Amino acid sequence: MAGGAMGIVASLFLIGDAIIIFLAQRKDTDTNTQHSG
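By UniProt numbering, the letter at position 23 of the sequence shown is numbered 23, and the numbering carries on one by one without gaps.
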């Protein structure tokens with residue numbers, strides 16, 4: 001059970017990171033004023 005829960009949490013984190021990166025790239029195309037990292 002714990003392994004399955006960890007897998008779900010890990011997949012949620014990966015999906016969240018993908019969404020954040022996707023939104024950041026879209027925003028970066030709109031306003032190309034700042035670049036961090």
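The beta carbon of each residue, even a glycine, is placed where N, CA and C say it ideally should be. For clarity, every value in this text was computed on a predicted model and none was experimentally measured.
Rounded C-alpha distance that separates residue i from residue j
i: I19; j: G3; result: 24 Å
i: A24; j: D17; result: 10 Å
i: F22; j: M6; result: 24 Å
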